[in-house]
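S.K.:
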Amino acid sequence: MEFTFKSRIPGELEGCQLHFKYFRKHQLKYELDRLGWTNITIQNYIEITSGFPLEILNGLLLNQMYASFERDLYQLSWQETPSEGVYLLNFYGAKQDFCIHATADEIRSFGHDFQLEWEEAPLS
Numbered sequence: 000m001e002f003t004f005k006s007r008i009p010g011e012l013e014g015c016q017l018h019f020k021y022f023r024k025h026q027l028k029y030e031l032d033r034l035g036w037t038n039i040t041i042q043n044y045i046e047i048t049s050g051f052p053l054e055i056l057n058g059l060l061l062n063q064m065y066a067s068f069e070r071d072l073y074q075l076s077w078q079e080t081p082s083e084g085v086y087l088l089n090f091y092g093a094k095q096d097f098c099i100h101a102t103a104d105e106i107r108s109f110g111h112d113f114q115l116e117w118e119e120a121p122l123s
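In numbering that gives the first Met the number 0, the protein residues as written are 0 to 123.
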């Protein structure tokens with residue numbers, strides 16, 4: 000899974016343009032060239048992933064699921080697998096559903112990297 004920030008507009012009610020790619024066994028399966036997310040959704044993804052596994056977000060109990068009002072990649076859910084410390088992450092969107100396996104440390108590392116990429120995204 001790969002996110003690349005193309006541009007961002009600062010402000011809580013503004014957003015970003017991202018380029019998203021999902022690979023399975025080194026083959027590109029999904030690509031969204033103009034994925035648009037609000038900064039609120041990005042901040043929530045950063046908080047959920049950098050603090051993974053998060054139980055409460057913005058005062059709401061997550062029950063191992065986060066959903067946003069975005070069109071693409073609007074839901075993320077997770078469950079621990081029988082392999083200790085490994086999680087199955089399910090992503091759902093208008094035209095794409097997929098899953099990945101990752102450890103909690105890998106997910107938290109992604110969250111921190113995602114935040115740095117967002118902060119350094121070119122302004123539009």
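Note that beta-carbon positions come from the ideal geometry of N, C-alpha and C, so glycine has one too.
Between which two residues does the alpha helix (DSSP H) harbouring A103 extend?
M.R.: Note, A103: alpha helix (DSSP H), 103–118.
S.K.: Give me, in chain order, the residues of the same chain whose beta-carbon lies closer than 6 Å to that of E79; leave out the 5 immediate sequence neighbours on both sides.
M.R.: Hits under 6 Å: Y86.
S.K.: Assess contact between the segment 42–58 and the segment 13–25, defined as three or more Cβ pairs (one per stretch) separated by less than 8 Å. Is contact present?
M.R.: No: the two stretches stay apart, fewer than three of their Cβ pairs being nearer than 8 Å.
S.K.: Within 8 Å: the Cβ of T102 and any heavy atom of the ligand GDP?
M.R.: For the structure depicted, the ligand GDP is absent and the ligand set is empty, with no information on it obtainable.
S.K.: Should D71 be labelled buried (16 or more other beta-carbon atoms within 10 Å of its own) or exposed?
M.R.: Counting Cβ neighbours within 10 Å, D71 comes out buried, since at least 16 surround it.
S.K.: Following the continuous alpha helix (DSSP H) through Y44, name the residue where it begins and the one where it ends.
M.R.: First-last of the alpha helix (DSSP H) with Y44: 38–49.
S.K.: Taking just the CA atoms, how far does N38 sit from E30?
M.R.: C-alpha separation (whole angstroms): 21 Å.
S.K.: By Cβ distance, which residues of its chain are closer than 6 Å to Q26, with the 5 residues on each side in sequence left out?
M.R.: No residues qualify anywhere along the chain.
S.K.: Taking only three categories from DSSP, how would you classify T56?
M.R.: According to the sequence shown, residue 56 is Leu rather than Thr. If DSSP states are grouped into helix, strand and coil, L56 belongs with the strands.
S.K.: Which residue's Cα is closest to the Cα of K28: E116, D96, L60, G110?
M.R.: Here the closest residue by C-alpha is D96.
S.K.: On the DSSP bridge list, what partners appear for D96?
M.R.: Answer by DSSP bridge pairing, in chain order: Y91.
S.K.: Under 9 Å between the Cβ atoms of R7 and P121?
M.R.: Their beta carbons are under 9 Å apart, which means R7 touches P121 by this criterion.
S.K.: Could you tell me which residues DSSP puts in a beta bridge with Y29?
M.R.: According to DSSP, which records beta bridges pairwise, Y29 is partnered with Y21.
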